[in-house]
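Residue numbers (my numbering), protein chains in the order written: chain A, 1 to 343; chain B, 1001 to 1343. The beta carbon of each residue, even a glycine, is placed where N, CA and C say it ideally should be. Shown next, in structure tokens, is the structure this report addresses.
Number of protein chains: 2
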Amino acid sequence: MATVTQLGAARLPTQAGAKPGLDKLLGLVGHDLEAVNQEIVKRMHSRVALIPQLASHLVSAGGKRIRPLLTLGAAKLCGYRGGKHVLLAACVEFIHTATLLHDDVVDESDLRRGNATANQVWGNQASVLVGDFLFSRAFQLMVETGQLEILGILANASATIAEGEVLQLITANDTSTAEEAYLDVISAKTAALFSAACRVGGVIAECPAAQADALESFGRNLGIAFQLVDDALDYAADQAALGKNVGDDFREGKITLPVILAYRRGTEDERAFWRRTQEKLDQRPDDLEQAQGLMAKHGAIADTLERARHYGLLAHRELALFPAGEAREALAAVVDFNTARTH
Amino acid sequence: MATVTQLGAARLPTQAGAKPGLDKLLGLVGHDLEAVNQEIVKRMHSRVALIPQLASHLVSAGGKRIRPLLTLGAAKLCGYRGGKHVLLAACVEFIHTATLLHDDVVDESDLRRGNATANQVWGNQASVLVGDFLFSRAFQLMVETGQLEILGILANASATIAEGEVLQLITANDTSTAEEAYLDVISAKTAALFSAACRVGGVIAECPAAQADALESFGRNLGIAFQLVDDALDYAADQAALGKNVGDDFREGKITLPVILAYRRGTEDERAFWRRTQEKLDQRPDDLEQAQGLMAKHGAIADTLERARHYGLLAHRELALFPAGEAREALAAVVDFNTARTH
């Protein structure tokens, strides 16, 4: 596995250098994931044809399915033998997809860059409404599991995600955003769903309370690590591997940890650069390269990844509560996969 | 009460001519509604201050609170003695408010008319996200009632509302929209929540299945009647009493029953007028008056209101299953209030 020291450069290692960390989990619950995908297709159905059209544009585009995989993995870890984990995993993916659809609308600058996001193809209105539909579908699926505790966990996570997104909106374009405020945003907008995805996998298996808490903490720390790596990749990834444009956050003035660190450690001239490009959004052709140079100078990417490694370690530790075995190894490998991933 | 014949003119009677139909229900459950309002304020709270700010802009703006009133009234009708109907009524209002926030974003032309909608004051992004938050809060409230059946009813209603909104998006600006397609849209986008609001009031009181079904049908028919009157008022109301602009639907090219009827009964020249103003949205200063004139000529408003009266009668009939008394009278009066309302 690529070490954090190796990752400290402004460019991350290629996929070839990373352990295939999701493969273990896929080997263990691949059959279940197939069932999840079938459930997703089935549940996207609506008599209003535009709904499955738009939803499948995003859902079928693939993605890592990391959140439903976590639900399946957690259920496996807790020895679950029933079939409801499949419904739950589909439900987690629906909540995630609804969030993405609304994000694409909220994130107006995505509209300007020629990416074929759903809102570009079908308009903002349809994206908002289909997001609402998927969100409602998620709750219908939860009702089918027949467990109020699970509904509570996912309703709480959904409220927290929305809070985190609003918080992110408030901190956007403010270069003086503190590291704590940033961590607060990513804990809410990203880690809350990772955390809930893991906990419900245990709860459906009727695991002891201590294990449910450990799964929740595992998910939260993994989620924070995941977003930290995402935010580093937005400045440091190989564009082709990333599958989206490098520099999206920069163009939007989204204040992530790499910017916070480079700004805090920067000279007055450098801070003026960040304020111009990130607060006023007054950007010139070479500004992204300039930003990447400043991040390299101040070790901003390396330290963001170091932070991710730290949260990854915390996630690892939570797994100690569970018996050793394939499922535990597979979930541990997801943490390592995240630390080493390049897209 | 103003009769349908009286309502047949292009202008509706003033409030003074209508029975104070909500007063009976308010007299019966006014104390509960006070508790609902307190619950709403309490549950809008978030550590992210923008959320209660934006939400209260809409929630505290008043409105008739007709949906939560229906939940309270249905619970009363079924002899409910507990306190969970207050949570449920708040939850119904949250779902409604979330829908309104997203509607304001979807309904782009509202942005152009100087109304201080939440999206105008705080932007589309915040409106989408706060809508998501309120929707999540609604499900958190439902979990607190501890009844999966209720969660199922409201999750189904939410999915149906979203389907209806997408359907409305598809039929917008299409003057050839059939009456059936229009009824389909309003059944989903409006009547589904009226219907669920009534049913959950009975279910929380553990009423017999036949009564729950009757409440659902009462709500559905009342909801359809409510939307029909709304759509008539958008062309025929006294602007000051309506509290929003007359002609909103016209300016947006929203194809409602008055337009469908006037188009169907119109000459070729008149149809060309509707296609120009509603499909191409090519509108001139006197076009709204022209539209109102054509509706008067073809009895389009009168017949829309006649249709509302019909669904009102269907709603009335569902109440026969319940014992006579104050609660039944109060719910019957809501139907009459709707038929006679001017805003």
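Neighbour flag for residue i against chain A, beta carbons, 7 Å
| i | result |
| --- | --- |
| B:ASP1282 | no |
| B:ASP1132 | yes |
| B:ILE1051 | yes |
| B:ASP1200 | Sequence check: residue 1200 of chain B is Val here, not Asp. By this cut-off, B:VAL1200 is not an interface position. |
| B:ALA1155 | yes |
| B:HIS1085 | no |
| B:GLY1223 | no |
| B:GLN1292 | no |
| B:SER1217 | no |
| B:LEU1129 | yes |
| B:HIS1057 | no |
| B:PHE1273 | no |
| B:VAL1121 | no |
| B:LEU1148 | yes |
| B:VAL1229 | no |
| B:GLY1152 | yes |
| B:VAL1166 | yes |
| B:GLN971 | Given that chain B is displayed from residue 1001 to residue 1343, the structure contains no residue 971 of chain B and the question cannot be resolved. |
| B:VAL1203 | no |
| B:ALA1332 | no |
Continuous alpha helix (DSSP H) stretch holding residue i: start and end
| i | result |
| --- | --- |
| B:THR1117 | Element bounds for B:THR1117: n/a, residue is neither H nor E. |
| A:CYS198 | 192-204 |
| A:GLY219 | 209-236 |
| B:HIS1057 | 1050-1059 |
| B:PRO1258 | 1257-1264 |
| B:PRO1068 | 1066-1077 |
| A:MET295 | 287-297 |
| A:GLN140 | 124-145 |
| A:PHE273 | 268-274 |
| A:ASN173 | Counting along the chain, A:ASN173 falls outside any alpha helix (DSSP H), and DSSP gives it neither H nor E. |
| B:PHE1250 | 1248-1252 |
| A:THR339 | 326-340 |
| B:ARG1081 | No alpha helix (DSSP H) contains B:ARG1081, which DSSP labels as neither H nor E. |
| B:LYS1024 | 1021-1044 |
DSSP-derived helix/strand/coil call for residue i
| i | result |
| --- | --- |
| A:GLY164 | helix |
| B:THR1097 | helix |
| A:THR304 | helix |
| B:ASP1282 | coil |
| A:ARG317 | helix |
| B:ALA1178 | coil |
| A:GLY63 | coil |
| B:LEU1148 | helix |
| B:ARG1047 | coil |
Cutoff 7 Å: residue i Cβ touching any chain B Cβ
| i | result |
| --- | --- |
| A:GLU206 | no |
| A:SER136 | yes |
| A:PHE337 | no |
| A:ALA162 | yes |
| A:LEU305 | no |
| A:PHE139 | yes |
| A:ALA159 | yes |
| A:LEU69 | no |
| A:VAL105 | yes |
| A:GLN211 | no |
| A:VAL246 | no |
| A:VAL259 | no |
Proximity test, residue i beta-carbon vs the ligand COA heavy atom, cut-off 6 Å
| i | result |
| --- | --- |
| B:HIS1057 | Absence of the ligand COA is noted for the structure shown, with no ligands found whatsoever. |
When you check each C-beta in the segment 21-43 of chain A against every C-beta of chain B, which residues fall closer than 8 Å? none
Closer than 8 Å, Cβ to any Cβ of chain A: which residues of the segment 1168-1194 of chain B, in chain order? LEU1169, ILE1170
Cβ-based contacts, 7 Å cut-off: residues of the segment 1089-1104 of chain B near chain A: HIS1102
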